[in-house]
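Quick note: the sequence shown uses my numbering, first residue 76, plus one each step.
Each residue gets a CB set at the ideal place from its N, CA and C atoms; glycine is no exception.
Please read these numbers as outputs of a predicted model, since none were measured by experiment.
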Amino acid sequence: MRIATYNVEWFNSLFDDAGVPLVDDEESGRQGITRARQLEALGIVFTALNADAVLVIEAPDHNGRRSTVTALEGFARAFDLRVKQTVIGFPNDTQQEIALMFDPFVMTPRHDPLGEATGKKGSDTDPRFDGVLRIDLDLDATEDLVSFSKPPLELELITAGGDVVRMIGAHLKSKAPHGARGRDAVMRLAIANRRKQQAQAVWLRRRVVRHLEQGESLILLGDLNDGPGLDEYEDLFGRSSVEVVMGPVGPAGLFDPHAREAVRLRPGMASPTSARFYIQHENRYLEALLDYIMISPDLMARHPRWRIWHPFNDPACWQMPELRDALIDASDHYPVTLDIDL
């Protein structure tokens with residue numbers, strides 16, 4: 076079985092309110108890329124992935140006028156993809172949903188959120204992901220209220236062979252200080268954002284521990300917007316959000332080879348990357364490892380194999396010009412896949 080996670084930059088802008096793909100020459104959410112060109116690129120990438128399930132980060136919007144499921148299932152029909160059905164969890168108001176596209180002949184996933192519904196009062200344990208977590212973020216003996224702008228997608232997944240796997244799809248808060256002006260304001264907002272992201276990571280980790288203690292197979296995947304050594308504020312918190320979610324090496328932790336490699340790297344050593352952003356004021360590109368597929372220790376016996384579909388760093392992608400160019404046009408993130416015997 077092949078499972079993928081893929082952050083598609085502004086997928087929402089490629090569909091009208093009825094979920095019909097906008098195949099035209101209007102600019103997409105990606106600068107300099109038309110909607111028709113991005114859709115074609117995505118069709119090439121999804122076809123090449125040939126996955127049994129794709130967790131889509133920044134999936135099309137879901138609200139009173141638009142449907143994530145309608146848009147993605149229409150996209151799948153347009154390109155004759157195996158991942159022809161879609162499931163979502165709690166929708167959000169960011170126009171960036173979390174959705175799982177899947178092959179219904181291979182698996183049956185259902186939205187199965189755990190934890191208590193809290194309302195605005197919150198809980199200090201591990202509440203349902205559309206709720207509120209009470210946690211002291213800044214060690215001032217006062218509890219703060221934390222919520223997910225994009226509640227993680229919790230699924231129970233049953234394979235055609237009868238295996239039962241828990242899956243959590245996540246898109247953690249960005250640490251970027253968007254909107255701040257001036258050095259001090261940038262620093263304050265960056266630290267505040269990292270603090271909130273750490274709280275979300277703690278929340279996720281508590282849910283991970285629950286599954287591991289119950290002996291359940293678990294796959295946690297998505298865009299965690301963080302990794303070891305990615306910014307200068309990490310030392311204030313001791314560990315990156317990724318390290319918090321993974322936990323320790325061994326039976327109490329999750330495993331992703333790219334994340335574990337990044338933890339071990341010394342300064343100056345090259346790290347795996349899954350995203351590439353243009354920094355306009357510096358006239359250069361920044362690469363980072365943001366996308367992960369973490370698995371529970373029991374699944375390590377199922378011969379897992381990971382791959383980042385990086386157009387420049389993956390030899391097979393580089394040697395196929397059509398796929399290489401499509402990966403560049405389709406998004407500022409690249410897919411990550413897990414092949415595993417399920």
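- Contact between the region 142-156 and the region 79-94 is established, with three or more Cβ pairs separated by less than 8 Å.
- Cβ neighbours of ARG141 within its own chain (closer than 6 Å, five residues either side excluded): ASP92.
- Less than 7 Å separates the beta-carbon of MET182 from that of LEU232.
- Using a 10 angstroms sphere on the CB of VAL239, the tally of other CB atoms stays under 16, which defines it as exposed.
- In this structure, the straight-line span from the alpha carbon of GLY190 to that of PHE90 is close to 34 Å.
- Nearest C-alpha to ILE243 among ASP211, VAL284, LYS271: VAL284.
- In the DSSP assignment, ARG382 forms a beta bridge with THR412.
- In this structure, the CA atom of LEU208 is about 14 Å from the CA atom of LYS225.
- Here ASP178 is near ARG157, since their CB atoms are less than 7 Å apart.
- Comparing C-alpha distances from PRO326 to each of HIS286, ASP127, ALA79, TYR353 shows the shortest one belongs to HIS286.
- About 32 Å separates the Cβ atoms of VAL129 and ILE210, ruling out a contact at the 8 Å cut-off.
- Measuring C-alpha to C-alpha distances from ALA134 to each of THR169, PHE154, ALA116 identifies THR169 as the nearest.
- With contacts defined by Cβ atoms closer than 7 Å, LEU247 and GLN275 form a contacting pair.
- DSSP lists THR234 as the beta-bridge partner residues of MET182.
- Of the residues assessed, ALA174 falls on the buried side of the cut-off, its CB having 16 or more other CB atoms within 10 angstroms.
- The three-state reading of DSSP puts MET321 in helix, counting H, G and I together.
- Straight-line spacing of the CA atoms in PRO166 and GLY197 works out to 19 Å.
- For the pair PRO347 and ILE383, the CB atoms are nearer than the 7 Å cut-off.
- LEU293 and LEU413 have their alpha carbons spaced roughly 13 Å apart.
- Beyond the five residues adjoining it in sequence on each side, ASP416 comes within less than 7 Å, by CB distance, of ARG377, HIS378 in the same chain, given in chain order.
- GLU357 is classed as exposed because its beta carbon has fewer than 16 other beta carbons within 10 Å across all chains shown.
- Scanning ALA79, PRO390, ALA116 for the CA closest to the CA of PHE86 turns up ALA116.
- Rounded to whole angstroms, the gap between the alpha carbons of ASP389 and SER315 is 26 Å.
- Excluding sequence positions up to five before and after ALA345, its CB lies less than 7 Å from no other CB in the same chain.
- Of the residues assessed, GLY118 falls on the buried side of the cut-off, its CB having 16 or more other CB atoms within 10 angstroms.
- Shortest Cα-Cα distance from ILE163 to any of ALA267, TRP381, ILE370, LEU228 involves LEU228.
- Beta-bridge partners of PHE352 (DSSP): LEU361.
- The DSSP assignment places complete alpha helix (DSSP H) segments of no fewer than 4 residues inside the region 86-148 at 110-124, in order along the chain.
- ALA350 places its beta carbon less than 7 Å from that of ASP407.
- When secondary structure is reduced to three states using DSSP, ASN300 falls in the coil class, being assigned neither helix nor strand.
- Annotated three-state conformation of VAL240 is strand, per DSSP.
- Remark: C-beta atoms of VAL319 and ARG280 approach each other more closely than 7 Å.
- Rounded to the nearest angstrom, the Cβ distance from ILE354 to LEU329 is 31 Å, too far for a contact under 8 Å.
- Judged by DSSP secondary structure, GLU191 falls outside any beta strand (DSSP E); it is assigned neither H nor E.
- From the listed residues LEU374, VAL221, GLY206, the smallest Cα separation to GLU291 is found for LEU374.
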